[in-house]
Amino acid sequence: MRKLLLVIVLLLGIMLSATTIEVLWMGWPQDQVMQVINAFKAENPGIDVDIQLVPFGQLFQTIEVRLAAGDGTPDVYIVDGPNTASYAARGYLLPLDEHFSEEEMSAWFDASIEEGSYHGKFYSVPYGTSSAGLFYNKAIFEEHGIPFPPETLEERLTWEEVAEIAKKLTKDTNADGLTDVWGLVIEQIDRPYLIFPMVQSLGAKVLSDDGLVSQGYITSDEFIEGTTFYWKLFNEWKVSPQGLNDSAISREYFGTGRAAMMLGNEWNIRRMLQYPDIDYGLSPFPYFEGGVAITPTGSWHVGINSKTKKLEEALTFTKYITGKDAVITWHKLNGIAPARSDVYEALPEVFDNPMWQLFVAEMETTAVPRPRTPGYSQFELMLREAFNSIHYGADPRSTLEEVAVRIDRELRKYR
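If you number the sequence shown the way this note's numbering does, the last residue is 439 and the count never jumps.
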């Protein structure tokens, strides 16, 4: 009995002395998140975690409101990689260079480190990453006698070749004047994430080096050439359907045989399991003839509030949640692409898959994160509006010239 009382007293002492940190997190399924949180608490009984899960649609506004209050909470928060510059420029993120060794930093992909840095300082720790490629329906290709696209980086298709294949595979199968099978669907139809690599393949820059000027960049000949090709997919060649602004709908088109190809993310390896009848392959992200291969990347990071009053505990949590073991657990639960190269080595049963190997090779060699600018949220929002208009038929040049004026007006506040 005395031993039991002693154990109870000790446990109560730990509970009473535990420091609670507040964590603002993406609204992933609670049961998944709590498995990781409970594992952290088991290893760190002196730290309690008050984790707040916020739905994606409310996340960015919630972060802005909470950080603007300046009271030091949340101590730790999830950061969408491209927003690192915005938070850092306003003093919301703690610089982390002195808290991470070279050995710790070497675990992450270079592009992930770049995305988490601003003005030469490291501000947000990579949690996940991403890539994209060209998924293709083998049955549709075979039906029309078209060879499967190459599946190695050295033999990737050009965008010009993709367009020609898409023209051949876009079909009105019942002669009713409506397209039944589309040549190509784009999973994130109006997002810079998938469109930037197209224009960057032609040599376009999307912003000035300081991230504060768009005119002369998104209005360059190269940028307009790339977006004109994008415009032609929907409006001249009519090989891609308009209005698929929901990624799940694009995936449904591909998974049910209504599209021969899909430009989409690595997460589709997992999500396509809901379409067991489709036999599909993966080809590398295309590039323009005479240009260079560029692929998208970037995902969630973890940041520490620059005004936290619990730095030691916040740092302990951040290192744990982005560490190898926790990221392995999180990938098994959620499927997010790890930003740590050692996780790919630790899970050969998952990542020896040729499709994953292709994505990892892209992450290591061709991945370019979205531009670093303190006004990224506004920059992306206005560009999405422009890309959406272009895909519905608006003139690329005049649309981009108009939006560049609005973007630069917004970015002036950061000079």
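For each residue, glycine too, the CB sits at the ideal point set by N, CA and C. These numbers come from a predicted model, not from an experiment.
Leaving out five residues on either side along the sequence, give the residues of the same chain with a beta carbon under 6 Å from the beta carbon of P79.
G51
Hey, quick one: how far does the alpha helix (DSSP H) through V57 stretch, first residue to last?
Q54 to E67
Considering just the uninterrupted stretch of the alpha helix (DSSP H) at Y416, what are its terminal residues?
It is not in any alpha helix (DSSP H) - Y416 carries neither H nor E in the DSSP assignment.
Could you spell out the range, first to last residue, of the alpha helix (DSSP H) harbouring G250?
D245 to N259
Specify the secondary structure class of P310 as computed by DSSP and reduced to three states.
coil
Mapping the DSSP letters down to three states, classify Y101 as helix, strand or coil.
strand
What separation, rounded to the nearest whole angstrom, lies between the Cα atoms of E184 and Q76?
47 Å
Under 8 Å: do the segment 215-233 and the segment 392-404 share three or more Cβ pairs, one atom per stretch?
yes
At the level of alpha carbons, what is the spacing between T153 and A385?
13 Å
Rounded separation between A410 and G70 - CA only
50 Å
What is the rounded straight-line gap between the Cα of S413 and the Cα of E260?
Computed Cα separation, rounded: 15 Å.
On the three-pair Cβ rule with 8 Å, is the segment 125-144 touching the segment 262-275?
no
Output the residue ranges of the alpha helix (DSSP H) runs that lie fully inside the segment 341-378 and measure 4 residues or longer, sorted by chain position.
348-358, 365-370 and 372-375
In chain order, what residues of the same chain lie with their CB nearer than 8 Å to the CB of A199, ignoring the 5 residues before and after it?
none
With DSSP collapsed to three states, give me the class of A385.
If DSSP states are grouped into helix, strand and coil, A385 belongs with the helices.
Cβ-Cβ separation, N329 to L118 (assumed contact under 8 Å), whole Å
7 Å
Taking only the alpha-carbon atoms, compute the straight-line gap between N289 and L231 and give it to the nearest angstrom.
24 Å
For the beta strand (DSSP E) containing A283, name the first residue and the last one.
A283 to N289
Let me check understanding here. Comparing Cα to Cα, which of L405, T182, I242 and G327 lies closest to L91?
G327
List the DSSP bridge partners of L48.
Q76 and Y101
Could you name the residues of the same chain whose beta carbon sits closer than 6 Å to that of L34, not counting the 5 residues immediately before and after it, in chain order?
Caution applies to L34, whose pLDDT of 49 falls short of 50 and renders its modelled position unreliable; the value that the coordinates give is listed next. Within the same chain, L34 has no close Cβ partners at all.
Starting from Y142, follow its DSSP beta bridges and name the residues at the other end.
K145
Secondary structure of N107, DSSP reduced to three states
It is helical.
Please report the residue range of the beta strand (DSSP E) in which G157 lies.
A156 to N161
Simplified DSSP state of I71, which is helix, strand or coil:
strand
According to DSSP, simplified to helix, strand and coil, what is Y277?
helix
Grab the span of the alpha helix (DSSP H) containing V209 for me, first residue to last.
Not the alpha helix (DSSP H): V209 falls in the beta strand (DSSP E), residues W206 to I210.
Cα-Cα separation between V367 and E426, rounded to whole angstroms
44 Å
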